[in-house]
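There are 4 protein chains.
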Amino acid sequence: MAGNSFGQLFRITTWGESHGPAVGVIVDGCPARLELSERTIQQMLDRRRPGSGPTSTTRGEGDRARILSGVFDDRTTGTPIAILVENRDAKPAAYAPYADLFRPGHGDITYQAKYGIRDWRGGGRSSARETVGRVAGGAVAGVLLKHFDVRVIAYTRDLGGVRIQGVDLESVDRNPFGSPDPGSVPLMAERVASAKKQGDSIGGVVEIVANGVPAGLGEPVFDKLDADLAKGLMSIGAVKGVEIGSGFKAASIPGSEHNDPITEKGYASNHAGGILAGISNGDQIVIRAAVKPIPSIRRVQRTIDAKGQARELSVTGRHDVAAIPRINVVCEAMVNLVLADHLLRQRAGAGSVSNRGDQPTAGGK
Amino acid sequence: MAGNSFGQLFRITTWGESHGPAVGVIVDGCPARLELSERTIQQMLDRRRPGSGPTSTTRGEGDRARILSGVFDDRTTGTPIAILVENRDAKPAAYAPYADLFRPGHGDITYQAKYGIRDWRGGGRSSARETVGRVAGGAVAGVLLKHFDVRVIAYTRDLGGVRIQGVDLESVDRNPFGSPDPGSVPLMAERVASAKKQGDSIGGVVEIVANGVPAGLGEPVFDKLDADLAKGLMSIGAVKGVEIGSGFKAASIPGSEHNDPITEKGYASNHAGGILAGISNGDQIVIRAAVKPIPSIRRVQRTIDAKGQARELSVTGRHDVAAIPRINVVCEAMVNLVLADHLLRQRAGAGSVSNRGDQPTAGGK
Amino acid sequence: MAGNSFGQLFRITTWGESHGPAVGVIVDGCPARLELSERTIQQMLDRRRPGSGPTSTTRGEGDRARILSGVFDDRTTGTPIAILVENRDAKPAAYAPYADLFRPGHGDITYQAKYGIRDWRGGGRSSARETVGRVAGGAVAGVLLKHFDVRVIAYTRDLGGVRIQGVDLESVDRNPFGSPDPGSVPLMAERVASAKKQGDSIGGVVEIVANGVPAGLGEPVFDKLDADLAKGLMSIGAVKGVEIGSGFKAASIPGSEHNDPITEKGYASNHAGGILAGISNGDQIVIRAAVKPIPSIRRVQRTIDAKGQARELSVTGRHDVAAIPRINVVCEAMVNLVLADHLLRQRAGAGSVSNRGDQPTAGGK
Amino acid sequence: MAGNSFGQLFRITTWGESHGPAVGVIVDGCPARLELSERTIQQMLDRRRPGSGPTSTTRGEGDRARILSGVFDDRTTGTPIAILVENRDAKPAAYAPYADLFRPGHGDITYQAKYGIRDWRGGGRSSARETVGRVAGGAVAGVLLKHFDVRVIAYTRDLGGVRIQGVDLESVDRNPFGSPDPGSVPLMAERVASAKKQGDSIGGVVEIVANGVPAGLGEPVFDKLDADLAKGLMSIGAVKGVEIGSGFKAASIPGSEHNDPITEKGYASNHAGGILAGISNGDQIVIRAAVKPIPSIRRVQRTIDAKGQARELSVTGRHDVAAIPRINVVCEAMVNLVLADHLLRQRAGAGSVSNRGDQPTAGGK
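Protein chains in written order, with our numbering: chain A, 369 to 733; chain B, 369 to 733; chain C, 369 to 733; chain D, 369 to 733.
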């Protein structure tokens with residue numbers, strides 16, 4: 369019950385179904401007097417827009433964000449910020465064939481099991497369209513982070529098995545795959561084209577880095593920074609795995625190599641991914657999210673209907689070949705939200721009883 | 369602030385430092401009239417006891433759990449269950465050499481940065497000893513799960529690069545590594561011996577499976593079952609990554625293979641890991657946690673002291689070579705806690721307005 | 369931070385300023401498959417509409433509630449229910465004279481102190497218009513309560529010093545003051561007319577009763593049913609006091625009289641107000657809220673401006689003489705919300721491990 | 369479920385039954401580096417000790433508070449502070465006669481209805497002994513408040529119908545009734561003696577004032593400062609009503625009198641009780657709690673037993689005649705906790721984006 373809010377002090381609550389009248393988000397706890405306009409939110413929303421790349425569908429969402437409260441004279445007032453985006457291109461009828469069918473890999477069957485009813489129009493609440501609210505909320509969080517000189521960026525690390533060989537952040541926006549490695553782009557294009565041709569879909573890995581995060585964020589022992597980041601990313605529909613720093617490679621690295629040496633100039637390596645014992649250490653935060661292939665595919669699949677009878681299914685209509693790169697901005701939004709929340713949580717208690725002065729951090733970061 | 373509670377309806381709050389007088393947990397929200405004794409908790413605690421295997425130290429913790437409230441005539445009463453374990457073998461003086469040193473890979477430096485003070489005796493709150501409270505709480509959650517025929521088990525999937533080749537759950541308790549593959553045991557023994565000889569440490573991967581979980585658990589869109597599992601596991605100190613079902617492999621599997629076909633007899637595969645759209649689907653839940661190597665090693669490391677001066681450090685004293693397999697029961701405890709909480713959350717709303725009757729789930733699970 | 373949500377399992381989040389584009393509410397955690405239409409919400413909203421009685425202004429709000437999510441085929445789906453009401457008759461310019469003045473008795477000065485900025489148009493978020501979201505959310509809670517045969521009703525117990533002499537629930541809707549005592553109506557009318565003539569305002573006391581509440585609701589020791597009711601009612605802008613059952617009279621009643629005798633047929637009296645030790649006892653729940661006079665009055669008052677200079681102020685424009693009876697439905701909504709939340713919380717744990725069967729309650733209630 | 373925690377950022381979780389081995393509290397979210405010793409906690413606990421005045425029993429609780437975590441070298445470390453108090457004088461056998469009887473005015477019957485089981489030894493969790501954890505937690509909150517120059521004090525305003533005629537805070541500790549009016553003391557003594565003689569009990573009203581609270585605390589619209597104060601006080605077992613400032617008198621005061629004029633030197637009156645629109649205004653905060661008479665009385669009462677049969681009951685043993693003045697320090701503790709929590713919440717967001725500078729507050733307070 370009541371699982372549609374995220375964050376403690378900087379908290380969003382999202383609502384809306386894929387083919388209902390609108391989707392939206394309430395941002396509660398945003399500090400007052402930050403500059404905020406619909407344009408800032410729109411810019412981030414535009415980055416998750418479909419139809420903008422080879423992996424995407426052509427649904428003309430044309431999302432337009434409206435701010436309905438919490439902003440006065442282009443400044444936040446400290447009251448809840450309501451953002452609404454109408455579902456302009458909703459075509460619920462297109463989903464009528466699936467009204468009594470459970471699409472494999474989708475939440476159709478589990479929503480039905482949980483609630484005993486489901487809005488089958490485009491997946492309803494389990495649709496990727498739900499992420500509009502996350503991104504709009506993440507845009508507001510981004511304004512707060514920018515004020516503290518924190519910058520978060522997400523990029524494609526792996527698309528359908530094509531892995532990047534290097535990271536040039538300037539390149540990310542210059543190709544349709546969100547790749548930071550120009551050399552990977554032709555290979556990714558080929559991979560996508562091949563999947564599309566086969567009526568199939570592909571997954572990948574998104575990497576998110578955060579620069580400028582001050583040391584001290586994260587609340588042991590359960591609300592550790594990495595724990596909340598893991599929750600935030602894993603709560604995105606298509607994500608099947610999350611790792612911080614060394615991640616799963618930690619299993620095969622000896623301690624003598626994994627421990628990041630602390631020097632007078634900072635950490636000599638970053639297996640920690642910027643987080644030690646659940647608290648940011650001032651170094652770059654590095655997280656990765658594994659994204660599963662889009663479940664809606666043209667290729668024929670086995671399933672059952674509402675009566676439990678075996679059926680076959682080919683999902684037609686407008687569907688992406690990969691959640692990447694549209695999902696990248698969603699990952700970025702979730703990281704924004706976690707960092708904004710922990711910034712506020714740390715402000716509440718830090719230095720409260722006396723001047724903390726210059727606490728030692730590696731390399732004076 | 370206030371990050372030491374976990375769960376919404378079935379909630380634990382833990383407390384205690386490694387070398388203070390005691391550690392403990394409050395379990396709030398446990399339903400009334402469950403059978404509960406200190407013995408049940410003790411049995412689970414004993415499984416995380418050090419000194420019981422080749423990867424472990426010889427600290428004689430001899431933990432004894434005492435129930436101080438919430439139980440009457442061996443039954444829970446619905447009031448908070450306080451469990452306390454004294455720190456009998458505390459030797460704070462052994463840590464005096466590290467009072468002004470930041471051990472690499474440890475939370476020393478981040479606790480100092482966050483709080484401006486730290487209890488340096490054995491890592492204080494950032495010590496693995498903190499997990500005693502989790503395990504005691506997880507034991508109580510286990511009693512609730514057992515009542516609903518849910519069974520959770522954790523085992524070693526990889527130890528320092530030695531990966532299991534198969535899973536025989538009966539074997540898990542019969543070797544000192546928590547391995548479900550008898551064939552892997554000699555290799556793991558060799559790996560551990562080698563690391564110990566070198567004054568080094570190793571990491572690994574723990575896999576946790578849950579059987580008997582009913583379809584319908586998980587609260588979209590943020591408190592999805594996998595999101596809460598990810599948070600729970602990532603909140604364990606040594607964990608650097610979490611994945612569900614296919615996990616990071618999802619990146620290279622096409623949708624046509626990744627989608628689990630739904631048949632009249634159930635799902636034909638389990639890439640989902642038992643969770644679809646954040647809701648349990650009735651199939652086995654499969655999760656993995658990547659565990660980093662123990663940071664306390666004998667080998668010399670570079671670090672700085674409280675004044676920021678470069679220093680060298682060799683950590684002596686009693687330290688494990690690997691967190692595995694002691695951490696396995698901690699993972700199990702966290703999964704217990706998440707499932708218990710979501711069972712209660714689902715009970716709150718499910719079928720509330722009318723008899724839901726036989727909702728369709730794959731294979732009638 | 370983040371104080372705009374109410375409830376744990378049945379949770380509302382409200383947003384919106386008095387003279388912004390709209391106000392609204394998200395209802396999260398409402399069980400699935402309840403019948404719900406815009407008409408049900410509209411009916412409850414209409415009861416708080418201004419201009420419907422002698423104590424009220426003539427602002428033509430004409431609120432129309434739109435459901436934007438969470439309902440499919442006139443049934444709740446278990447996903448968040450977003451309800452939006454446009455501010456049709458917003459006249460922000462009317463408030464320009466108060467842009468740099470702090471109206472006594474209003475939140476102008478405290479919002480400014482807290483946030484360093486405020487939306488001065490009609491009080492912004494501190495306006496009574498904020499209660500639209502509460503009432504819409506309370507209407508949804510009412511549907512859930514009705515399913516469990518719980519019925520909540522609020523009425524005027526005292527208006528500007530005119531106290532009712534008896535309670536006839538049938539009368540409440542038949543007079544413009546929400547009074548359950550027809551004999552009090554002429555006196556109340558006189559009291560209101562007198563205040564209006566003097567350019568002054570009056571307060572009163574609202575009594576709320578809940579029938580059919582099962583024994584067992586309330587979560588000791590902090591989330592007691594009366595504690596949550598007190599918070600819910602005190603969170604309404606104009607409320608200065610809350611009491612349960614005997615309330616402040618308990619101070620002068622001896623224990624031998626105050627204790628409600630338990631008989632085979634039920635409680636012989638109800639000083640408890642239906643709640644014992646924070647848990648409902650099956651008897652009628654009785655709560656009262658003290659309502660302060662409307663702070664916006666025509667009579668001249670002393671105040672200061674944004675520069676701290678002394679000023680005089682006469683608030684003109686459309687303002688109620690009393691918050692009663694419009695506030696009555698807001699009180700009812702808050703009680704609905706608390707009871708709905710606690711019904712779900714109790715369902716989560718109650719009888720979970722075995723059939724509780726016939727627990728003894730007074731008089732078999 | 370899970371109702372034993374209070375507060376968002378400064379949060380306590382209490383546990384323990386009246387006649388179990390111990391009671392205690394976890395304080396989570398207390399800022400680091402505050403001076404804290406067992407003596408500070410002990411001093412506040414001693415003020416709720418029974419046997420210290422004419423209204424009290426002679427149970428030799430002799431409570432001794434032990435800090436088990438979260439403090440290092442007499443300073444808080446930012447980790448959870450566990451405080452434990454043993455139940456030294458527990459005499460569970462004394463309650464055996466009530467094992468199958470429901471004492472009127474007590475939680476016996478509602479705990480049984482809710483949980484289907486109850487610890488009948490001395491009321492178990494519903495005993496006033498539960499408040500030990502609140503007071504210990506409130507003592508820690510008091511240390512934080514003192515750092516910010518906030519001072520909270522509770523005193524008796526009315527005891528069994530004897531009302532004070534004036535307030536001299538210096539007098540509060542100089543009489544056994546917690547009265548700030550020396551003239552009221554003989555009358556109160558007479559009232560108590562009379563009730564004791566009749567085997568009866570009495571109630572009263574506690575007033576709590578807080579000085580030095582900065583303007584800006586409270587989180588509209590649900591977590592208003594007065595709303596959280598109301599919840600905190602109403603969650604105390606014996607409290608039946610709460611009012612802020614004018615409270616129930618607001619019902620009969622016209623707006624022209626109730627509005628506190630704002631002058632260049634501050635507010636000219638304080639009907640608001642220091643809180644406007646849910647936010648502290650810098651003036652003194654004034655709250656009152658109505659306390660019911662102790663339900664355990666020697667006089668014979670009607671009740672039923674566990675089988676629903678009519679019975680008669682005379683409660684013998686050691687019982688107070690009035691909860692006042694022992695409950696006063698509990699009220700003070702709850703106010704401490706609410707203010708500490710809101711101080712931290714306000715710190716999280718206030719002035720976050722730029723220097724707020726000198727926001728106007730009445731009289732520069």
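Each residue gets a CB set at the ideal place from its N, CA and C atoms; glycine is no exception.
Worksheet entry | Nearest-angstrom beta carbon gap, isoleucine 477 (chain B) and isoleucine 451 (chain B) [assumed within contact, 8 Å] | Actually they are not in contact, since the Cβ atoms of isoleucine 451 (chain B) and isoleucine 477 (chain B) sit about 31 Å apart, beyond 8 Å.
Worksheet item: Are the beta-carbon atoms of glycine 527 (chain C) and alanine 701 (chain C) separated by less than 8 Å?
Response: First, the amino acid is wrong: residue 527 (chain C) is leucine here, not glycine. No; because the gap between Cβ atoms is not below 8 Å, this pair is not in contact.
Worksheet item: Hey, which unbroken runs of the alpha helix (DSSP H) at 4 residues or more fall wholly within the stretch 592-652 of chain A?
Response: Fully enclosed alpha helix (DSSP H) runs of no fewer than 4 residues occupy 593-602 and 623-626 of the stretch 592-652 of chain A, in order along the chain.
Worksheet item: So does the stretch 551-560 of chain A actually touch the stretch 607-618 of chain A, counting three or more Cβ pairs closer than 8 Å?
Response: no
Item to complete: Taking all protein chains shown into account, decide if alanine 370 (chain A) is buried (16 or more other Cβ within 10 angstroms of its Cβ) or exposed.
Response: With at least 16 other beta carbons inside 10 angstroms of its own, alanine 370 (chain A) counts as buried.
Worksheet entry | Contact set between phenylalanine 440 (chain D) and chain B, taken where Cβ atoms lie within less than 9 Å | Glu385, Gly388, Ile485, Arg486, Asp487, Trp488, Arg489 and Gly492
Discussion item. Would isoleucine 477 (chain D) pass as an interface residue toward chain B - the criterion being a Cβ-Cβ separation below 8 Å?
Written reply: no
Discussion item. Using 8 Å for Cβ pairs, my map puts arginine 670 (chain A) next to alanine 657 (chain A). What's the rounded Cβ distance?
Written reply: That belief does not hold up - the Cβ atoms of arginine 670 (chain A) and alanine 657 (chain A) are roughly 29 Å apart, past 8 Å.
Worksheet entry | Interfacial residues, the stretch 439-473 of chain A to chain C, with Cβ spacing under 9 Å | Val439, Phe440, Asp441, Arg443, Thr444, Thr445, Gly446, Thr447, Pro448, Ile449, Ala450 and Leu452
Item to complete: Could you tell me which of B:Gly605, B:Pro663 and B:Ala674 sits nearest to asparagine 696 (chain B), measuring between CA atoms?
Response: B:Gly605
Worksheet item: What are the complete beta strand (DSSP E) segments, minimum 3 residues, inside the stretch 667-714 of chain B?
Response: 669-672 and 678-681
Worksheet item: Using 8 Å as the threshold, is the stretch 644-658 of chain C in touch with the stretch 643-650 of chain D, meaning 3 or more CB pairs across them?
Response: no
Worksheet entry | Nearest candidate by alpha-carbon position, reference arginine 401 (chain C), set C:Ser547, C:Arg417 and C:Ile449 | When the alpha-carbon of arginine 401 (chain C) is set against those of C:Ser547, C:Arg417 and C:Ile449, the nearest one is in C:Ile449.
Worksheet item: Of all Cβ atoms in chain A, is any one closer than 8 Å to the Cβ of proline 544 (chain B)?
Response: No, its Cβ sits nowhere closer than 8 Å to a Cβ of chain A.
Worksheet item: Is proline 399 (chain C) close to chain B, meaning its C-beta is less than 8 Å from at least one C-beta of that chain?
Response: Yes, proline 399 (chain C) counts as interfacial toward chain B.
Item to complete: Measure the alpha-carbon distance for alanine 464 (chain A) versus glycine 685 (chain A) and round it to whole angstroms.
Response: Approximately 12 Å between the Cα atoms of the pair.
Worksheet entry | Contacts that leucine 377 (chain D) makes with chain A (C-beta to C-beta distance below 9 Å) | Gln376, Leu377, Arg713, Ala716 and Gly717
Practice prompt. Between the Cα of proline 693 (chain A) and those of A:Leu413, A:Thr524 and A:Ser405, spot the shortest distance and give me the residue it belongs to.
Written response: A:Thr524
Worksheet entry | Any C-beta of chain B under 8 Å from that of aspartate 517 (chain A) | Taking a beta-carbon distance threshold of 8 Å, aspartate 517 (chain A) does not count as an interface residue toward chain B.
Worksheet item: If we ignore side chains and look at the alpha-carbon of each, how far apart do alanine 618 (chain D) and glutamate 680 (chain C) end up?
Response: 23 Å
Discussion item. Between D:Ser373, D:Arg456, D:Ser552 and D:Ile653, which has its C-alpha nearest alanine 522 (chain D)'s C-alpha?
Written reply: D:Ile653
Worksheet item: Where does aspartate 396 (chain D) fall in DSSP's three states?
Response: strand
Worksheet item: Applying a beta-carbon distance threshold of less than 7 Å, which residues of chain D neighbour glycine 392 (chain B)?
Response: Result: Ala450.
Item to complete: Might you give, ordered along the chain, the residues of its own chain that have their beta carbon closer than 8 Å to the beta carbon of valine 668 (chain C), omitting 5 neighbours on each side?
Response: Glu680, Leu681 and Ser682
Discussion item. Taking the straight line between their C-alpha atoms, what separation do you get for leucine 712 (chain B) and glycine 717 (chain C)?
Written reply: 6 Å
Worksheet entry | C-beta neighbour in chain B for leucine 585 (chain D), strict 8 Å | no
Item to complete: Keeping to the same chain, check which residues put their C-beta closer than 6 Å to that of valine 736 (chain A); ignore five residues upstream and five downstream.
Response: This structure leaves residue 736 (chain A) out entirely; chain A is present only between 369 and 733.
Discussion item. So, with DSSP's three-state summary, where would you put alanine 390 (chain B)?
Written reply: strand
Practice prompt. Scan the stretch 603-628 of chain C for residues whose Cβ lies nearer than 7 Å to a Cβ of chain D and list them as they occur along the chain.
Written response: Ser603, Gly605, Lys608, Gly609, Val610, Glu611, Ile612, Gly613, Ser614, Gly615, Phe616, Ala618, Ala619, Ser620, Ile621, Pro622, Gly623, Ser624, His626, Asn627 and Asp628
Worksheet item: Are the C-beta atoms of alanine 370 (chain B) and some chain D residue less than 8 Å apart?
Response: yes
Worksheet entry | Residue nearest to phenylalanine 374 (chain D) in terms of C-alpha spacing, selected from C:His710, C:Lys459 and C:Pro588 | Across the set C:His710, C:Lys459 and C:Pro588, the C-alpha of C:Pro588 shows the shortest separation from the C-alpha of phenylalanine 374 (chain D).
Worksheet entry | Closer than 8 Å to chain B by CB, aspartate 396 (chain D) | yes
Worksheet item: Are proline 661 (chain A) and histidine 387 (chain B) close, meaning C-beta to C-beta below 8 Å?
Response: Contact flag unset, no.
Discussion item. What does the Cβ neighbour count give for serine 405 (chain C), buried or exposed, with the cut at 16 atoms within 10 Å?
Written reply: exposed
Fill in: Cβ-based burial, lysine 592 (chain D) [other Cβ within 10 Å; buried from 16]
buried
Fill in: Chain-ordered neighbours of leucine 555 (chain B) on chain A, where CB pairs are closer than 8 Å
Near leucine 555 (chain B) there are no residues of chain A at all, since even the closest Cβ is about 13 Å away, more than 8 Å.
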